[in-house]
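2 protein chains.
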Amino acid sequence: MNRDYTKAIPAAWKNISRVFTALGDEHRQRILLTFEPGERLNVGQIVEVSTLSRSAVSHHLKILREAGVLENEKVGKEVYFWLNKKQVRASLVAVMDYLKVQ
Amino acid sequence: MNRDYTKAIPAAWKNISRVFTALGDEHRQRILLTFEPGERLNVGQIVEVSTLSRSAVSHHLKILREAGVLENEKVGKEVYFWLNKKQVRASLVAVMDYLKVQ
DNA sequence: TGTATATGTCGAAATAATTGGTTATATAGT
DNA sequence: ACTATATAACCAATTATTTCGACATATACA
Numbered sequence: 008m009n010r011d012y013t014k015a016i017p018a019a020w021k022n023i024s025r026v027f028t029a030l031g032d033e034h035r036q037r038i039l040l041t042f043e044p045g046e047r048l049n050v051g052q053i054v055e056v057s058t059l060s061r062s063a064v065s066h067h068l069k070i071l072r073e074a075g076v077l078e079n080e081k082v083g084k085e086v087y088f089w090l091n092k093k094q095v096r097a098s099l100v101a102v103m104d105y106l107k108v109q
Numbered sequence: 008m009n010r011d012y013t014k015a016i017p018a019a020w021k022n023i024s025r026v027f028t029a030l031g032d033e034h035r036q037r038i039l040l041t042f043e044p045g046e047r048l049n050v051g052q053i054v055e056v057s058t059l060s061r062s063a064v065s066h067h068l069k070i071l072r073e074a075g076v077l078e079n080e081k082v083g084k085e086v087y088f089w090l091n092k093k094q095v096r097a098s099l100v101a102v103m104d105y106l107k108v109q
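These protein sequence lines are chains A and B, in that order.
Our numbering puts the first sequence at residues 8 to 109.
Our numbering puts the second sequence at residues 8 to 109.
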């Protein structure tokens, strides 16, 4: 029984766990599932197929970006987003390691 | 670009994604990290090392149980919880498959 | 430089989740 | 049967998140 975890959560876990916060919202899940493998989409395209306002989409994209789930790059006026496969895989594997589930 | 996902989320994904909702809360993460590999803890033990009230802990345990992250069994007066390793691993692997990140 | 377009940010209101006291149920021991 | 203990369920208050309009910034093009 690890009593320490009631007070402090290890830094390594904290970085990993942001993925869960990011993916724990249905709107953000919908955004993620909108991407086809390898595809890059700009904010306007995501807003277009979303039921949310532009600023709400922007908010969710920020959370996904800060969690490392999405990467982005500005190209001219537009900002393109894409799935950071490496980061997502690494986070999920790290969680499995941490919880010793493999 | 998958436009369908803006309206409906596939059932398969929905089941998987409950894990994220469950693990997206820091209190629930703390509870999970309290378990040592293979360990079973009853509610009283978890409350004892938690900063939350008994009813709050009970609530979080319910969410973790409904997401399939924890399993439980009543033994006498006590209810013991343990990590459902198989389920957690399966969910995380399914997410990786779904997002084609491997 | 002026205008149109794309996106981000801020703040207040709406919405949802969390919390803990209270009550209910079930079990074990006397 | 009665009492004590463990836990779950319910509900109201608090707290956190989400949402969207309005404003700000940055780029492209005439």
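Note that beta-carbon positions come from the ideal geometry of N, C-alpha and C, so glycine has one too.
- By DSSP's assignment, residue 78 of chain B forms a beta bridge with B:89.
- Residue 95 of chain A and residue 99 of chain B have their C-alpha atoms some 10 Å from each other.
- Burial state of residue 91 of chain B is buried, judged by a 10 Å Cβ sphere holding 16 or more other Cβ atoms.
- When the beta-carbon positions are compared, residue 53 of chain B and residue 70 of chain B stay at least 8 Å from each other.
- For residue 27 of chain A, the enclosing alpha helix (DSSP H) has its first and last residue at 18–30.
- Taking C-alpha positions only, residue 62 of chain A is separated from residue 83 of chain B by approximately 53 Å.
- Residue 9 of chain A sits away from residue 58 of chain B, with the two beta carbons spaced by 8 Å or more.
- Looking at the DSSP output, residue 48 of chain A shares a beta bridge with A:88.
- Under the three-state reduction of DSSP, residue 106 of chain B is assigned to coil, being neither helix nor strand.
- In the DSSP assignment, residue 73 of chain B falls within the alpha helix (DSSP H) that extends over 61–73.
- Around the C-beta of residue 29 of chain B, 16 or more other C-beta atoms lie within 10 Å, and the residue is accordingly described as buried.
- Listed along chain A, the residues sitting closer than 8 Å to residue 16 of chain B by beta-carbon distance are 33, 36, 37 and 40.
- In the displayed model, residue 43 of chain B falls within coil according to three-state DSSP, outside both helix and strand.
- Straight-line measurement puts the Cα of residue 80 of chain B at about 6 Å from the Cα of residue 86 of chain B.
- Assigned with DSSP and collapsed to three states, residue 57 of chain A falls in coil, not helix or strand.
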